[in-house]
Amino acid sequence: MAAEALRPKCTLGGRTLLALEIRKHSSPNDLWMTIHGKVYDVTNFATEHPGGVEVLLDCGGVDASEAFDDVAHSDLAHEMLEPYFIGYAELSKESRPVVTGDPEKAGTRKVLKRQEMMKELRRQRTAVLVLTGVAFLCVLVVMVLQKIQWLSLVRAGT
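Everything in the sequence shown is counted per the UniProt record's numbering, starting at 1 for the first residue and increasing by one.
Quick look at the structure:
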């Protein structure tokens, strides 16, 4: 306890934040998370998160690095985090809670399922475009054949 009293408490501006303090911020109205040693206050962003509020709530107050990486966020997502940066997490093993257990708890399956659905939707759209193109070509071939037949009948009649 004496060693913990000497460590910095919740201070902002790039200073160290204790895991004990970070854990306190896991509610919808006060939501912090740690990603790769950086602590972010995502309270105001939670309702705008594309994966839904639940995903962030599952990772609130803990190290969400694994869940964040599992989703393979874009560079833009990394940039979007920066305004919410409030400090660095104290990284000792004893004080570092992590998201463990079922990946669905961390929200990763939900996001991965959504990504798989988007890929399937793109595949279906591509298939529709290909089939539409093939149908158009078939109609074009039939029209050309009819034109050839008509021309041959006209020539035969003269």
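Glycine included, C-beta positions come from ideal geometry on N, C-alpha and C.
So, with DSSP's three-state summary, where would you put residue i?
i, result
"PRO103", "With a pLDDT of 49 at PRO103, under the threshold of 50, the modelled position of that residue is not reliable, and no figure is offered here."
"SER74", "coil"
If we ignore side chains and look at the alpha-carbon of each, how far apart do residue i and residue j end up?
i, j, result
"ASN44", "GLU120", "32 Å"
"LYS24", "LEU131", "55 Å"
"HIS147", "THR126", "The amino acid at residue 147 is misidentified as His; the sequence shows Lys. If I take the Cα positions, the gap works out to 32 Å."
"LEU33", "ALA89", "Just to set this straight, residue 33 is Met in the shown sequence, not Leu. Roughly 9 Å separates the two Cα atoms."
"GLU104", "TYR84", "Unreliable positioning characterises GLU104 in this predicted model, as indicated by a pLDDT of 49, which lies under 50. A coordinate reading is not provided."
"LEU137", "LEU145", "12 Å"
"ALA19", "VAL62", "8 Å"
"GLY157", "LEU151", "10 Å"
"ALA135", "ARG123", "18 Å"
"HIS78", "MET118", "21 Å"
"ILE22", "GLY37", "12 Å"
"GLU48", "HIS73", "15 Å"
"VAL139", "LYS113", "39 Å"
Would you give the residue range spanned by the beta strand (DSSP E) that residue i belongs to?
i, result
"LEU31", "30 to 35"
"ASP41", "38 to 41"
Going by DSSP, which residues form a beta bridge with residue i?
i, result
"ALA89", "LEU17"
"SER152", "According to DSSP, which records beta bridges pairwise, SER152 is partnered with nothing at all."
Skipping 5 residues on each side, what residues in its chain have a beta carbon closer than 6 Å to that of residue i?
i, result
"LEU76", "none"
"ILE35", "ALA64, SER65 and PHE68"
"ALA46", "LEU31, VAL53 and LEU56"
"GLU94", "In this prediction, GLU94 has a pLDDT of 49, which is less than 50 and means its spatial position is unreliable; what the coordinates show is noted afterwards. For GLU94, where only same-chain residues beyond five positions count, there are no Cβ hits under 6 Å."
Could you tell me whether the Cβ of residue i comes closer than 7 Å to any Cβ of chain B?
i, result
"ASP63", "In summary, chain B is missing from the structure at hand, where a single protein chain is found."
Need the endpoints of the alpha helix (DSSP H) that residue i sits in, please.
i, result
"GLU54", "53 to 58"
Identify, in the order they occur along the chain, each residue of the same chain with its Cβ nearer than 8 Å to the Cβ of residue i, setting aside the five sequence neighbours on each side.
i, result
"ASN29", "THR43"
"SER26", "TRP32, LEU57, GLY60, GLY61 and VAL62"
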